[in-house]
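As structure tokens, the structure follows; a few thoughts come after it.
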Amino acid sequence: MGTLKKICQVGGVLALLLMAQPVFAEDTAAKPEASQEAKMEQTVDKLKAPLYTPFIERYVLDDLKQLRIDMNHLQVNMTKQVTDRELTATNRAVSYATDTVTYFFYLIAGISSVLLLVGWTSLKDVKERVHNFADTKVNKVISEYEQRLAKLEEELNHKSVGIQSAQKRLTRYEDIHSLWLKAAQEQVPTRRLDLYDQILRLDRDNAEALTYKADVVLEMNEPQWAINLCQQALEIDPDNSHAFYQLAGAYALLNQPHDAIVNLELSLKDTEGMVDQVLKDPIFEGLSENAEFKELLKRKGVV
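Taking this note's numbering, I'd label the letters of the sequence shown as residues 269 to 571.
Put into structure tokens, the structure is as follows:
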């Protein structure tokens, strides 16, 4: 979220410069270039929010839409291939059964002729034996291919369930991403809390949503609530530096400097660029004269 804000601020500055370019062009003849640059610097310094919101959401949604189209194409191609294979297997099974029965009848007819010539048995006995033998062989072939078709059907059902599950997960991730974008643009804390709650209803193990919710709760001056949220996030992701940072802020509001500094040190572990944020964060102003706090900053190379 911090990176997105920086991108918005840079975009706002560029938009302001483009809007102000005609005015600067008209004032060039009347004022020196140094005065114009000073005026521009004052205008940029006064900016507190981005002048416009980049159309990142549209790009991501288009990308997700294309991904869903590709998934649908994949499902159609897979279904077509599986159907073709099933038809081929069925044709082979039927052809094999027909050929087998035909060959058996030829064989039995030849054997029957020989038996009749030698007078081994009567035509009735030969007929019964032929029918029994043919039925046994045909039933065996049919049973074998029924088993194969059942296995193929089971595999198809399994793949179909996997595709449906992937589509559901893709839809859920798309909804979660949309809620993140809305939360990044929302300025009212209570509405942001509601958006983070919606994200957690879709993904209850989302540690980032818990930490950002804790951030909003700290803005509302509810440190105990924020501590509970951060502890839940750390149960999911024990190395979440953002959760340790929010814990440090909550303990700082509760005037527990030792716990605040311990969690702050954990949040700064293996993290670059966070020390400057600590110095600028008003929530840690009460620790500015604390010896442990100064020692921590000294170890991080700030003072």
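The C-beta atom is built at its ideal place from N, Cα and C for all residues, glycine as well. None of these values were measured; they are calculated from a predicted model.
Closest by C-alpha distance to residue i, when choosing among the options
i           : options            : result
residue 477 : 490, 501, 488, 526 : 501
residue 565 : 551, 550, 554, 529 : 529
residue 521 : 375, 514, 491, 460 : 491
residue 517 : 546, 471, 461      : 546
residue 458 : 537, 487, 380, 445 : 487
residue 374 : 445, 464, 560, 401 : 401
residue 513 : 504, 532, 525      : 532
residue 356 : 445, 417, 396      : 417
residue 218 : 352, 340, 555      : Beyond the ends of the chain as shown, which are 269 and 571, falls residue 218; an answer cannot be given.
residue 333 : 443, 399, 489      : 443
residue 370 : 563, 419, 405, 396 : 405
residue 398 : 309, 436, 504, 379 : 379
residue 372 : 359, 452, 409, 358 : 409
Cβ-based burial, residue i [other Cβ within 10 Å; buried from 16]
i           : result
residue 364 : exposed
residue 434 : exposed
residue 483 : buried
residue 474 : buried
residue 342 : exposed
residue 553 : exposed
residue 456 : exposed
residue 515 : buried
residue 567 : exposed
residue 495 : buried
residue 381 : exposed
residue 480 : buried
residue 460 : buried
residue 510 : buried
residue 535 : buried
residue 296 : Because residue 296 carries a pLDDT of 44, less than 50, the predicted location of this residue cannot be relied on, and no value is offered for it.
Cβ distance (whole Å) where residue i is taken to contact residue j below 8 Å
i           : j           : result
residue 527 : residue 519 : 4 Å
residue 361 : residue 441 : Not a contact, Cβ separation roughly 42 Å.
residue 466 : residue 447 : 5 Å
residue 339 : residue 438 : 7 Å
residue 450 : residue 463 : 6 Å
Cβ contact (3+ pairs, closer than 8 Å) linking the segment 340-358 and the segment 417-428: yes
Within the segment 424-500, ranges of the alpha helix (DSSP H) (whole runs, at least 4 residues): 457-470, 475-487
Residue ranges of each beta strand (DSSP E) within the segment 331-398, 3 or longer: none
Every unbroken alpha helix (DSSP H) inside the segment 499-531 [4 residues or more]: Positions of the alpha helix (DSSP H) runs, each at least 4 residues long and wholly inside the segment 499-531, are given as 509-521 in order along the chain.
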